[in-house]
Amino acid sequence: MSPRRKAATKAVQVLGDEDATLLDIVDNVLTKGVVLSGDLTIGLAHVDLVYARLSLLLCAADRVMPGEDPEPMRRQHDRHRARMRRRRASARV
Amino acid sequence: MSERVCVYAVVSGAAGPLRGEGAAGERLRRVRLAGLDLVIGVVPRPPRATTVALKRYDAAVRRLMETHGSVLPARFGTCVATLDELAATIRDRREALRRALRLVRHRVQMTVRVFARSGRVPARFIAEAYPRGTAPGRDYLLRRASESQVPGAEPLRTAVRKYVRAERSVRQERGRLAGSIYHLIPRGAAPAYRVALQHAAVAANLTVVVSGPWPPYAFADGGW
Chain B
128 MSPRRKAATK AVQVLGDEDA TLLDIVDNVL TKGVVLSGDL TIGLAHVDLV
178 YARLSLLLCA ADRVMPGEDP EPMRRQHDRH RARMRRRRAS ARV
Chain F
6 MSERVCVYAV VSGAAGPLRG EGAAGERLRR VRLAGLDLVI GVVPRPPRAT
56 TVALKRYDAA VRRLMETHGS VLPARFGTCV ATLDELAATI RDRREALRRA
106 LRLVRHRVQM TVRVFARSGR VPARFIAEAY PRGTAPGRDY LLRRASESQV
156 PGAEPLRTAV RKYVRAERSV RQERGRLAGS IYHLIPRGAA PAYRVALQHA
206 AVAANLTVVV SGPWPPYAFA DGGW
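As you go down the protein sequences, you meet chains B and F in turn.
Per the numbering used here, the very first residue in the first sequence carries number 128; after that it's consecutive.
Per the numbering used here, the very first residue in the second sequence carries number 6; after that it's consecutive.
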């Protein structure tokens, strides 16, 4: 057996042939793992099934952000504009 | 919309070329930034959290386990605009990431979901999770330390202690789910770990669901 085939066989044994359930995958990839940037950018699409089961696992629902702009600078700009609108509105009162 | 650099993992101990594709079918690359090796993929837009994408992401991270001694999986959706931005982000965390790489070297994660037998989590399970100290300050610290402990799970921990190199736990107490425990164990120890844990669950009259081995997601960020 060649070294590469030996390595491949050993690799299969390292992780095994486990039946990875969707719930465990969601728990792992959406709520764990290294966060290396200030903003996580995720688009929401057709995740009803996942979202329903997220509540069972108490996954962080903020991993799913419906309707949010994926660009952090645009979000910051929107937040700033919203703050300025609130200040103008309160100044008029 | 400009391209995004999506991070799959911080890695070390490479033992071969990268295999397979990323979650969006993109080619994966290993890059060296700030003294660390990262696996990235360049995509036209941020990833969407579909079931298919999440499964493909997990599959890509699993393949990294086959060719690296240490893998710190990134959270799904970890994207930046440029490699320079990524390098600046990780530079300050270099030492913490190196410690985490040493911790997870040649190790995998097992996940244990602990359920109450019926109805809600028994009151005795909750009560034992809040030990009483001898002073208010100590009480507070003990309570904070125990907040994440899964009540009633001590027999399970005892049974698998010899395999466990690190543990994370989350109390849930939602319906029948008492909590989740994540154990970091040596690669290859998963079968023996499962047997020991399941025997302990039966003896303690606990309902548990064990899954794994997984890449060490719960140990990648040094605490969450």
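Cβ coordinates follow ideal geometry from the N, Cα and C atoms, glycine included.
Being a predicted model, the structure only gives us computed values, none of them experimental.
Identify the contact partners of residue i in chain F, using a Cβ-Cβ distance below 8 Å as the criterion.
i: Asp205/B; result: Ordered by position in chain F, no residue passes the 8 Å Cβ test against Asp205/B, which lies about 17 Å from the chain.
Tell me the DSSP bridge mates of residue i?
i: Phe120/F; result: Leu182/F, Thr212/F
i: Arg61/F; result: Arg61/F pairs with nothing; no bridge assigned.
i: Glu26/F; result: Arg32/F
Considering only residues of the same chain and omitting the five flanking positions on each side of residue i, which have a CB-CB separation below 6 Å?
i: Met192/B; result: Its pLDDT being 41, under 50, Met192/B is placed unreliably by the model, and the measurement read from it follows with that caveat. Answer for Met192/B: no residue qualifies.
i: Pro78/F; result: Ala14, Val66, Pro220, Tyr222, Ala225
i: Leu33/F; result: Leu23, Gly27, Val44, Gly46
For residue i, which three-state DSSP category applies?
i: Val153/B; result: helix
i: Asp226/F; result: coil
i: Arg213/B; result: helix
i: Arg162/F; result: helix
i: Thr96/F; result: In the sequence as presented, Thr is not what sits at residue 96/F; that position holds Arg. Helix at Arg96/F.
i: Arg110/F; result: coil
i: Gln203/F; result: helix
i: Glu71/F; result: helix
i: Arg170/F; result: coil
i: Val155/F; result: coil
i: Arg50/F; result: coil
i: Glu31/F; result: coil
i: Glu8/F; result: coil
i: Arg219/B; result: helix
i: Ser161/B; result: Checking the sequence shown, residue 161/B turns out to be Val, not Ser. In this structure, Val161/B counts as strand in the three-state DSSP scheme.
i: Arg37/F; result: strand
i: Pro78/F; result: strand
i: Arg176/F; result: strand
For residue i, return the contacting residues in chain B, with the cut-off set at a CB-CB distance below 8 Å.
i: Ala39/F; result: Chain B residues near Ala39/F: none, gap ~11 Å exceeds 8 Å.
i: Val16/F; result: Under the 8 Å cutoff, chain B gives no residues; its nearest Cβ is about 11 Å from Val16/F.
i: Asp254/F; result: The requested residue 254/F does not occur in the structure, where chain F is confined to residues 6 to 229.
For residue i, which residues of its own chain have a beta-carbon under 8 Å away from its beta-carbon, when the five flanking residues on both sides are left out?
i: Cys84/F; result: Arg9, Val10, Cys11, Val12, Val48, Pro51, Pro52
Counting only Cβ pairs nearer than 9 Å, list the residues of chain B close to residue i.
i: Thr116/F; result: Asp151, Asp154, Asn155
i: Pro22/F; result: Per Cβ cutoff of 9 Å: no residues; Pro22/F is ~10 Å from chain B at best.
Assuming the contact rule is C-beta atoms closer than 8 Å, residue i and residue j should be a hit. Round their C-beta distance to whole Å, please.
i: Ala39/F; j: Arg96/F; result: 4 Å
i: Ala201/F; j: Pro160/F; result: Not confirmed; about 11 Å, so no contact.
i: Pro120/F; j: Thr56/F; result: The displayed chain sequence assigns Phe, not Pro, to residue 120/F. Not confirmed; about 24 Å, so no contact.
i: Ser174/F; j: Gln154/F; result: 6 Å
i: Gln114/F; j: Leu189/F; result: 6 Å
i: Arg199/F; j: Val215/F; result: 6 Å
For a contact meaning CB atoms closer than 7 Å, what does residue i contact in chain B?
i: Lys167/F; result: The premise fails here: Lys167/F is roughly 20 Å from chain B at the closest Cβ pair, so nothing lies under 7 Å.
Can you list, in chain order, the residues of its chain whose CB lies under 7 Å from that of residue i, leaving out five sequence neighbours each side?
i: Arg80/F; result: none
i: Lys167/F; result: none
i: Leu106/F; result: Val15, Ser17, Ser75, Leu77
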